[in-house]
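Scroll down for the structure; my scribbles are underneath it.
Protein chains in written order, with this note's numbering: chain A, 21 to 429; chain B, 41 to 256.
Structure, rendered in structure tokens:
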């Protein structure tokens, strides 16, 4: 069996083992995986939305500090979500670089802060590179352009990120006026100007621009209109921009309520499932469990995620969950029945039989003739599923008789 | 499937920490809900020097429901059944939280060996022994550790072991009743049932009670 799973301990055997602590911090305490759709509890603990919602169906308290907790108290953490997404995308590469660096460099890595006004980056260099870095700094101050020594490990990763040419795609959208500006301009001057203008506008009651969106929990249609998005990679979109786009009216949904099934009949439960496009087969308890899990998936996705997936993906996740939780559910009989009904549904004779049945004019012989082969398959399936002990008594064979026999009777 | 993924991570975490002297392995690699864990007996306790094997069954709803754990290695402890190996520990029942891992649960079992809770016992007879005579209890627990904890959890042949010593009963007391013509196995069984480890020769009431039970 393959045990190679990503884990905080991966970093222990690299040149910066302290990173394992960082890796632990961005993991969910329940699933031990990197946080997916992180949510914050009132007691300031962070979990995956799905994990904590599932836990709260059993115990209404925080798994870490055991303080009282309700689903309605959970708050989305969009910034943490983005940080983790960025980390997830670079983690493998970072790990590989650090392992390589650990193998190549026997010397300890040092972190040096450059005194350059233009570049506030940290430089991570080996001891043997310190002299060259100092020389670089002196030459930069004299106005010379020099090539620094070939960096290794993490340094190479950082420098490759830094040396990427700044293309026109490095524009970002202002969340207030929706215009595009270079990132540096936006950060240094434009945002302040825009905010000042907006506050002046509000004071004079002249609202020319769209208001800032409400808190992430209240997703009213009146919230900020969807800003024009620049056609660039997902990584280039700013945090605020993605936050605003999460108010997209196409993807907004009402949260699914918890239902008290005790007072509901089987047909009502089936109706409820059908209205959500969920399968309606199985026992009552299976259907209740199906709805409850779908409710968790739905609310986690549509209430907490910045970029929710569509309903078909949720249904696929539900099917996967059901398969893993009911590996031996005997649905083979149900499948045969549904197949034969589907096949019969396509013929006119079936429709006629059904109409006769509704008018209390049920044609038994015609019905048996139509489904003879399917009945045989069902009987075969039933006999196969009967335990061996009861087979020896022969009682089951006597009970399960072919439809032809009943017809003669 | 979050359960499988989490179990893999837990196994990895145990493997990456050999200093803890804890092991965790699947019994059968095709069945991920049955595992065997083991840990060393805590130092400066009667369990020192033993390796205790734990049978772990992970439910489908893990980590939202606790794993079922029991001792495969026979252990003489107030909170562990000396017959079935069943464990009385709150974190494996009502105090379970999905934050707890199999590794931390095994560490908790190790801590349980270090500090028994005789007022909330799993094995009443052992708990009584612990409360009545701690020194005698420690000797018996150490004997069990030597007999069962050093092998792979499999019990040695009972005939090789003096049953009286095995349950902390004074061997002279057993010999006393043996000389009166009673069967040794029955004497040990009665003394265990009555929770008597030693006896004052002048305590006639208790002697009569033992004889009555032996004559039944």
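We put the CB at the ideal spot given by N, CA and C, even for glycine.
Predicted, not measured: the structure shown is a model, and the values here were computed from it.
Whose C-alpha, out of the options, is nearest the C-alpha of residue i?
i: residue 430 (chain A); options: A:323, A:201 and A:389; result: The structure shown does not extend to residue 430 (chain A), since chain A is modelled only from 21 through 429, so no value can be given for it.
i: residue 172 (chain B); options: B:246, B:141, B:72 and B:236; result: B:236
i: residue 257 (chain B); options: B:130, B:158 and B:159; result: The structure shown does not extend to residue 257 (chain B), since chain B is modelled only from 41 to 256, so the question has no answer here.
i: residue 46 (chain B); options: B:140, B:122, B:184 and B:134; result: B:140
i: residue 67 (chain B); options: B:88, B:89 and B:96; result: B:96
i: residue 303 (chain A); options: A:287, A:315, A:296 and A:316; result: A:287
i: residue 78 (chain B); options: B:147, B:99 and B:98; result: B:147
i: residue 73 (chain B); options: A:338, A:102 and A:344; result: A:344
i: residue 120 (chain B); options: B:138, B:158, B:64 and B:53; result: B:158
i: residue 105 (chain A); options: A:328, A:116, A:54 and A:121; result: A:54
i: residue 328 (chain A); options: A:285, A:56, A:34 and A:30; result: A:56
i: residue 92 (chain B); options: B:243, B:110 and B:105; result: B:110
i: residue 337 (chain A); options: A:203, A:40, A:402 and A:70; result: A:70
i: residue 252 (chain B); options: B:238, B:217 and B:242; result: B:217
i: residue 209 (chain B); options: B:225, B:220, B:75 and B:143; result: B:225
i: residue 85 (chain A); options: A:49, A:281 and A:316; result: A:49
i: residue 162 (chain B); options: B:127, B:245, B:48 and B:220; result: B:127
i: residue 99 (chain B); options: B:118, B:71, B:164 and B:185; result: B:71
i: residue 94 (chain A); options: A:78, A:279 and A:66; result: A:66
i: residue 155 (chain B); options: B:230, B:52, B:82 and B:101; result: B:82
i: residue 325 (chain A); options: A:68, A:29, A:41 and A:82; result: A:68
i: residue 143 (chain B); options: B:176, B:101 and B:57; result: B:57
i: residue 115 (chain A); options: A:96, A:60 and A:38; result: A:38
i: residue 189 (chain B); options: B:112, B:245 and B:104; result: B:112
i: residue 117 (chain A); options: A:200, A:31 and A:192; result: A:31
Check whether chain B comes within 8 angstroms of residue i, counting only Cβ atoms and requiring the distance to be less than that.
i: residue 102 (chain A); result: no
i: residue 29 (chain A); result: yes
i: residue 35 (chain A); result: no
i: residue 463 (chain A); result: The requested residue 463 (chain A) is not part of the displayed model; chain A covers only 21 to 429.
i: residue 50 (chain A); result: yes
i: residue 317 (chain A); result: no
i: residue 303 (chain A); result: no
i: residue 94 (chain A); result: no
i: residue 32 (chain A); result: yes
i: residue 351 (chain A); result: With a pLDDT of only 47 at residue 351 (chain A), under the threshold of 50, the placement of this residue in the model should not be trusted; the figure read from the coordinates follows. Not closer than 8 angstroms to any Cβ of chain B, the Cβ of residue 351 (chain A) fails to qualify, so no.
i: residue 38 (chain A); result: no
Are any of the Cβ atoms in chain A nearer than 8 angstroms to that of residue i?
i: residue 137 (chain B); result: yes
i: residue 76 (chain B); result: no
i: residue 107 (chain B); result: no
i: residue 53 (chain B); result: yes
i: residue 58 (chain B); result: no
i: residue 49 (chain B); result: yes
i: residue 250 (chain B); result: no
If the cut is a Cβ gap below 7 angstroms, which residues of chain B does residue i touch?
i: residue 53 (chain A); result: 45
i: residue 42 (chain A); result: Going along chain B, no residue has its Cβ under 7 angstroms from residue 42 (chain A), so there is no contact; the nearest lies around 17 angstroms.
Residue i touches chain A at which residues, Cβ-Cβ below 9 angstroms?
i: residue 126 (chain B); result: Those do not exist, as residue 126 (chain B) stays about 24 angstroms from chain A at its closest Cβ, beyond 9 angstroms.
In chain A, what lies closer than 8 angstroms to residue i by C-beta?
i: residue 83 (chain B); result: Ordered by position in chain A, no residue passes the 8 angstroms Cβ test against residue 83 (chain B), which lies about 26 angstroms from the chain.
Residues of chain A with CB closer than 7 angstroms to the CB of residue i, please, in chain order.
i: residue 130 (chain B); result: The premise fails here: residue 130 (chain B) is roughly 13 angstroms from chain A at the closest Cβ pair, so nothing lies under 7 angstroms.
i: residue 104 (chain B); result: 74, 75 and 78
Opposite residue i in the DSSP bridges: which residues?
i: residue 35 (chain B); result: No statement about residue 35 (chain B) is possible, as the shown extent of chain B runs from 41 to 256 and does not include it.
i: residue 201 (chain A); result: A:192
i: residue 20 (chain A); result: A question about residue 20 (chain A) goes unanswered here, because the residues of chain A that appear run from 21 up to 429.
i: residue 60 (chain A); result: A:66 and A:95
i: residue 71 (chain B); result: B:68
Can you list the residues of chain B that residue i reaches, using a CB-CB cut of under 8 angstroms?
i: residue 83 (chain A); result: 137, 138 and 139
Ordered list of beta strand (DSSP E) runs contained in the region 68-110 of chain A, each at least 3 residues:
Correct list: empty.
Threshold first: 4 residues or longer. Then list the alpha helix (DSSP H) segments lying entirely within the region 108-189 of chain B, N to C.
Complete alpha helix (DSSP H) runs here, min 4: 142-154, 164-172 and 174-184.
Let me know the alpha helix (DSSP H) ranges lying completely inside the region 285-325 of chain A, each 4 residues or longer, listed in chain order.
The DSSP assignment places complete alpha helix (DSSP H) segments of no fewer than 4 residues inside the region 285-325 of chain A at 286-295 and 304-319, in order along the chain.
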